[in-house]
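Here the sequence shown stands for residues -26 to -1, 1 to 104, where the numbers follow mature numbering (1 follows the signal peptide of the UniProt record, and there is no 0).
In what follows, a single structure is set out as structure tokens and then discussed.
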Amino acid sequence: MSKASFRFSIALILACVFMATATSLAAEVLPAAAGFPPLFGQDPDILNCLSTLQAVQGCVQEIIASFFSHQVQLIGPACCKTLNEVDNKCWSKVFPFDPFFPPLLKNYCANVIASGGVSSTPPTPTLRAH
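Okay, here's the thing in structure tokens:
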């Protein structure tokens, strides 16, 4: 085994140990978030932002599936109606690494609500010049 491979192996093992330790410590310090998957973590601000979505069964799962598959049309009309009640400031906390997803989601849901609950195609994203 070369020195580089050995160092990489040690670094990988240490990273796994630190991640496991951090996860178990976080679970002890913060209570479990009822109703929300671990994807959103334990941040109370995020949980408060998303508490509205708990009223619609499966809404959080629809948003997650939509985000990871890049298909906003996976979100149903009931979830879209509820999404309109979520404060715009919340989305930057929920999706901090993708600032384009929340506007896409909002536009899609606006189309769904305007069409009476059915939207056959996702909206075309628009780019604004600064």
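Glycine included, C-beta positions come from ideal geometry on N, C-alpha and C.
On a predicted model such as this, the values are computed, not experimentally measured, just so you know.
CB-CB length for residue i against residue j, believed under 8 Å
i: LEU27; j: ALA39; result: With a Cβ gap of about 14 Å, LEU27 and ALA39 do not count as contacting.
i: ILE20; j: LYS63; result: That pair is no contact at about 11 Å.
i: ASP61; j: CYS23; result: 7 Å
Beta-carbon proximity check, residue i vs residue j, cutoff 7 Å
i: THR56; j: CYS83; result: no
i: VAL30; j: LEU79; result: no
i: PHE42; j: PHE75; result: no
i: VAL86; j: CYS54; result: yes
Residue i versus residue j - alpha carbon distance
i: GLY50; j: PRO70; result: 23 Å
i: GLU36; j: ASN81; result: 16 Å
i: SER(-3); j: SER(-25); result: Reliability fails at SER(-3), whose pLDDT of 49 lies under 50, so the model's placement of it is uncertain and the value that follows must be treated cautiously. Roughly 33 Å between the two C-alpha positions.
i: HIS44; j: SER25; result: 23 Å
i: ILE(-14); j: ALA88; result: 53 Å
i: GLU59; j: SER(-18); result: 48 Å
i: PRO18; j: PRO77; result: 23 Å
i: ARG(-20); j: GLY90; result: 59 Å
i: SER(-22); j: TRP65; result: 41 Å
In chain order, which continuous runs of the alpha helix (DSSP H) of length 4 or greater are located wholly inside the segment 12 to 40?
-> 18 to 24
Could you name each continuous alpha helix (DSSP H) segment of 4 residues or more that falls completely within the segment 40 to 77, going from the start of the chain to the end?
-> Those alpha helix (DSSP H) runs which fall completely within the segment 40 to 77 and span 4+ residues are 51 to 57 and 62 to 68.
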